[in-house]
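Data first, discussion second: the structure below is written as structure tokens.
Residue numbers (our numbering): 1 to 224.
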């Protein structure tokens with residue numbers, strides 16, 4: 001009888017170990033890219049990665065997910081969700097193919113908190129694309145503030161500004177490298193879909209961009 005009990009305990013321990021191992025392996029596939037507070041307008045989640053799935057997990061109170069826009073450089077794929085999640089509930093969005101995503105724009109509601117995870121695509125030819133050669137969206141800005149500070153925190157060689165609504169006037173772009181500043185005069189008016197690329201002449205460890213603007217519109221700022 002004692003031998004039978006020992007065998008049962010061994011089987012139970014083995015099953016628990018396998019369950020923990022499987023759960024840990026599954027968890028490693030997901031990468032946390034942001035934790036967000038719902039409410040207050042659409043949220044930008046900038047990153048650059050070839051992914052196959054997006055997972056959104058409610059971690060506090062409740063949230064409403066309305067739309068998730070998947071960005072591929074200047075291309076946008078808007079996915080309607082329209083779902084309420086309670087704490088501990090989640091939703092997984094499958095992409096049709098491994099996609100080189102440069103950011104997400106999430107429209108939400110209520111006042112809860114949620115985490116955004118992405119799953120890296122398997123090692124395919126597309127996933128081997130060098131990320132440094134791709135444009136990454138870092139911010140979308142409405143004119144009217146006069147000056148906007150945009151955090152970067154990485155090594156870049158170029159900045160692209162693209163008008164996406166109305167018209168904008170970009171006066172100056174100040175590139176910050178720690179305490180160092182390099183002011184680049186632009187003084188250009190952009191209509192919708194027009195863009196301007198600023199080459200920094202070298203790879204620089206940029207901490208932020210400070211953009212002086214005017215006009216009545218919205219523009220997107222990309223880096224690479």
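In this text, a Cβ means the ideal position worked out from N, Cα and C, and glycines have one as well. Predicted model, so just to flag it, every value in this text is computed and none were measured.
Inter-residue distance for residue 176 and residue 95 is about 36 Å (C-alpha atoms, whole angstroms). Sequence-distant partners of residue 205 (beyond 5 residues in either direction) whose C-beta falls short of 7 Å from its own C-beta, in its chain, are 155 and 177. Under the three-state reduction of DSSP output, residue 224 falls in the coil class, being neither helix nor strand. A direct Cα-to-Cα measurement between residue 209 and residue 40 gives close to 24 Å.
Per DSSP, the beta-bridge partners of residue 90 are 57. Note that the C-beta distance between residue 103 and residue 71 is below 8 Å. Under the Cβ criterion (8 Å, minimum of three pairs), the stretch 190-202 does not count as touching the stretch 140-147. Nearest to residue 193 by C-alpha distance, out of 84, 167, 135 and 11, is 167. Looking at the backbone, the Cα of residue 106 and that of residue 8 are separated by about 49 Å.
Pairing residue 63 with residue 110 gives a Cβ-Cβ distance under 8 Å. Taking C-beta atoms as the reference points, residue 58 and residue 114 count as a pair closer than 8 Å.
In its chain, beyond the 5 residues on either side, 55, 117, 118 and 119 have a beta carbon closer than 8 Å to the beta carbon of residue 30. Non-local beta-carbon contacts of residue 215 in its own chain, meaning distances under 6 Å to residues more than five positions away in sequence, involve 143, 167, 168 and 169 in chain order. Taking the CA atoms as reference points, residue 190 sits about 45 Å from residue 88.
Taking each of 173, 136, 121 and 69 in turn and checking the Cα distance to residue 46, the smallest one comes out for 136. If you draw a straight line from the Cα of residue 183 to the Cα of residue 91, it comes to about 44 Å.
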